[in-house]
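Okay, so here's the structure we're looking at.
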Amino acid sequence: MNDHPREISIVLRVYIHLVNILIRLKTSSILIEKTESSVGKGSRGDVTILPTIMINNRQYRGKLERSVVLKALCSGFRETTEPPICLTEDIETNECLQNNGGCWEDKTTNITACMDTFRGRVCQCPIVEGVKFLGDGYTHWEASGALRCGINNGGCWKHTQMGRTYSACRDDHSKGCKCPPGFKRDGLKNCEDVNECEEKTACQCRGCKCKNTWGSYECSCSGSLLYIREHDICISKDARGDVSWGVIWIILMGLGAAALGAYTVYKYRIRTYMDSEIRAIMAQYMPLDNHPNTQPSSQLEL
């Protein structure tokens with residue numbers, strides 16, 4: 005029966021149903037009559053035929069209480085596969101209620117790796133809202149999957165300041181924690197703001213004025229100059245428009261040159277093809293300079 009938990013579950017439900025029927029019929033005249041008929045009337049004393057049941061290759065006889073039979077049936081299930089009735093208070097003791105069974109627990113989200121079983125408990129990382137937790141089940145854990153940042157931010161660092169929220173949890177299929185751009189450290193418990201101005205990683209152009217902010221920086225130019233963040237330079241606002249039109253003209257000229265070149269190649273290939281076709285047709289009616297004047301062998305013999 006150990007290899008067939010589904011069959012055991014069916015037998016368990018049937019037996020519970022029969023036990024409930026017997027409890028309701030314990031004062032029935034039919035049951036009393038059947039019990040009295042099983043008692044012997046000989047001179048050697050009363051002999052009562054008691055019920056017998058086979059559970060997990062063991063024979064049980066005599067007065068069988070409901071809890072005793074249930075415990076015997078529940079012992080036939082593999083651990084963590086028991087039906088809910090095997091985990092009730094009158095059948096077994098929930099070891100996860102004391103110190104969480106020694107398993108990992110996140111009290112913030114009320115997520116635990118302790119799983120109550122009929123024989124005791126197992127420490128097994130759970131699956132919560134489609135997020136699978138990985139680890140040993142005792143001390144180490146790590147959320148995995150695309151939805152992991154939705155549960156306790158995937159165990160990564162997260163902080164809000166000055167109306168901005170930054171998180172070290174990457175909301176994709178990658179694992180681990182990584183500080184966002186503008187921060188440094190492990191990303192698990194701490195991320196520290198990077199001072200781009202002091203470390204000279206940005207806003208280093210001539211005439212630029214750098215100001216560090218939490219998670220970023222601000223760069224301004226003196227006078228009427230405009231800061232281009234992508235190139236880390238300061239240019240004139242008018243020059244920016246001239247540069248933009250200059251880039252457009254360069255692109256248009258490049259496209260025109262490419263089109264002219266393509267047309268020239270196309271025209272040359274068409275002309276070469278037409279010349280070869282015309283020469284092939286003319287060669288059928290008159291000899292050409294590069295085609296020898298040959299005659300069929302039958303005419304030469306004549």
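28 is the number that this note's numbering gives to position 24 of the sequence shown; each next residue is one higher, with no gaps. Cβ atoms here follow ideal geometry from the backbone N, Cα and C, with glycine treated the same way. Computed from a predicted structure; not experimentally measured.
Simplified DSSP assignment, three categories, for residue i
i, result
"residue 289", "coil"
"residue 216", "strand"
"residue 180", "coil"
"residue 136", "strand"
"residue 279", "helix"
"residue 201", "helix"
"residue 108", "coil"
"residue 193", "coil"
"residue 268", "helix"
"residue 6", "The pLDDT assigned to residue 6 is 47, lower than 50, so where the model puts this residue is not dependable, and the model offers no usable value."
Backbone CA spacing between residue i and residue j [nearest angstrom]
i, j, result
"residue 84", "residue 174", "33 Å"
"residue 275", "residue 253", "33 Å"
"residue 226", "residue 165", "29 Å"
"residue 182", "residue 163", "14 Å"
"residue 201", "residue 233", "14 Å"
"residue 97", "residue 196", "47 Å"
"residue 265", "residue 161", "57 Å"
"residue 194", "residue 256", "51 Å"
"residue 32", "residue 120", "In this prediction, residue 32 scores a pLDDT of 47, lower than 50, which makes its location untrustworthy; the coordinate-derived value is nonetheless stated afterwards. Residue 32 and residue 120: Cα-Cα distance of roughly 39 Å."
"residue 110", "residue 222", "39 Å"
"residue 140", "residue 159", "16 Å"
"residue 135", "residue 216", "37 Å"
"residue 211", "residue 224", "8 Å"
"residue 269", "residue 260", "14 Å"
Proximal residues to residue i (C-beta, below 6 Å), its chain only, five neighbours per side dropped
i, result
"residue 153", "173 and 175"
"residue 72", "none"
"residue 106", "none"
"residue 209", "236, 237 and 238"
Sequence-distant residues of the same chain with beta carbon closer than 7 Å to residue i, five excluded per side
i, result
"residue 220", "186"
"residue 75", "95"
"residue 198", "186, 187 and 188"
"residue 112", "156"
Burial state of residue i, where buried means 16 or more other Cβ atoms lie within 10 Å
i, result
"residue 149", "buried"
"residue 125", "buried"
"residue 108", "buried"
"residue 29", "With a pLDDT of only 45 at residue 29, under the threshold of 50, the placement of this residue in the model should not be trusted, and no figure is reported."
"residue 169", "exposed"
"residue 285", "exposed"
"residue 80", "buried"
"residue 191", "buried"
"residue 282", "exposed"
Whole-angstrom C-beta distance between residue j and residue i, which should lie under 8 Å
i, j, result
"residue 236", "residue 206", "6 Å"
"residue 69", "residue 78", "Not a contact, Cβ separation roughly 14 Å."
"residue 122", "residue 100", "Wrong, their Cβ atoms sit about 13 Å apart, outside the cutoff."
Own chain, CB closer than 8 Å to residue i, minus 5 neighbours either side, in chain order
i, result
"residue 137", "115, 117, 129, 130, 131, 145, 146, 147 and 148"
"residue 279", "none"
"residue 142", "106, 107, 108, 117 and 127"
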